[in-house]
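Under the UniProt record's numbering, the first residue of the sequence shown carries the number 1, and numbering increases by one thereafter.
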Amino acid sequence: MLQHVHCTDAELYVEITGTGRPVVLVHGSWDDHRSWDRVVPLLSPHCQVVGYDRRGHSKSTRPPGQGSIREDARDLACLISELALDRPLVVGHSYGSCVALLFGAGHPELTSGLVIHEPPLFALLTADESTRHLATTASAEMKIAAELLSQGFLAEGAHHFVEKVGFGPGTWTGLFTEEMRRTCVANADTWLDQYRDPDRLAIRPEILTGFPHPILITYGDAGPPAYKPVVDLLTAELPQAQGRLIPGAGHAPHLSHPARLAEVIVSALGATASPYTGNGLTFPARKPGEGT
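Right, here's the structure in full:
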């Protein structure tokens, strides 16, 4: 089912497939709901899958003025309410993970739990000398990408971000399809707007201290080095959070390891069937090779 949902000043494009307990997929920067295309057919036999384009991306509208991650979080809450979804599991990738965390902190009553992959909360890395260089490098490379976009070099800016910040060397052509690259270029202006939001990568874990549901944070072992320290910080700070390695994956398991990611999501859906009581996580046991 295809439709648009009106949320304050934006029209969000939505696609819904499958039946059962709802799962909402929140895409990351540059892309849109189609980034989940390899995962959706694997999820839809088990649940109702809701994918959408965040404001400013592809088929959703882009309101004028400076955007913010807080608007994205409000949009997610609006979408869930307007579609009358019953406490969906919210799954986020990259920047979409940051959106999911901020949404969860503000609207815990609207979800049953979160599954997020490698949220790029690089501001958290500045407090420790051992990780500060990772944040500094990411910031410098994002600045270069932003400068390229500001000068009108959209493809070059997208390429730079993907390989130097987001996904690693060789991924622009080795991981992304031609359609994905076109989507990145088409949504480049929205990323530039997002880049100018000072709150976008600075969510503090303490805002989720009272979040009453499980948070599963997946990560890979074949991607850029800045993500795992963020996962470690979040799992150390939040008792309801658990890390889960997807062996061989990088920053895009929905592209490189869709079957494994879908399996993790379906397992997490079962684990969130009952309210989290704070007495320990109920996520299924890890498989061999999956670390914390």
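Backbone N, C-alpha and C define an ideal beta-carbon position, used for all residues, glycine too.
With DSSP collapsed to three states, give me the class of T282.
Model confidence at T282 stands at a pLDDT of 46, short of 50, so the residue's coordinates are unreliable and nothing is read from them.
Can you list, in chain order, the residues of its chain with a C-beta nearer than 6 Å to that of E237? Leave out the 5 residues immediately preceding and following it.
P205
Roughly how many angstroms lie between the CA atoms of L12 and A105, to the nearest whole one?
For L12 and A105, the distance between alpha carbons rounds to 22 Å.
Which one of L255, I207, L201 and T17 has the shortest CA to CA distance from G174?
L255
What is the rounded straight-line gap between the Cα of T17 and the Cα of K228?
Just so you know, the alpha carbons of T17 and K228 end up roughly 32 Å apart.
Am I right that M180 and D31 are in contact with their C-beta atoms under 8 Å? What's the rounded C-beta distance?
7 Å
With three or more C-beta pairs closer than 8 Å as the rule, is the segment 191-200 touching the segment 210-222?
no
Answer yes or no: do V231 and G243 have a C-beta to C-beta separation smaller than 8 Å?
At the C-beta level, V231 and G243 come within 8 Å of one another.
In three-state DSSP terms, what is T198?
Reading off the sequence, residue 198 comes out as Pro, not Thr. In this structure, P198 counts as coil in the three-state DSSP scheme.
When you compare each of M142, Q151 and F176 to K164 by their alpha carbons, which one comes out closest?
Of the listed residues, the one whose Cα sits closest to K164 is M142.
What first and last residue would you give for the alpha helix (DSSP H) that runs through V266?
P258 to A271
Beta-carbon proximity check, T131 vs R74, cutoff 8 Å:
no
Report the CB separation of residue 296 from H4 in whole angstroms; it is logged as a contact under 8 Å.
With the chain covering only 1 through 292, there is no way to say anything about residue 296.
Go ahead and pull the three-state DSSP assignment for T277.
For T277, the pLDDT reaches just 48, beneath the cut-off of 50, and the residue's location in the model is therefore unreliable, although a value from the coordinates is still provided. DSSP places T277 outside both helix and strand once states are collapsed to three, so it counts as coil.
Own chain, CB closer than 6 Å to V24, minus 5 neighbours either side, in chain order:
V50, P88 and V90
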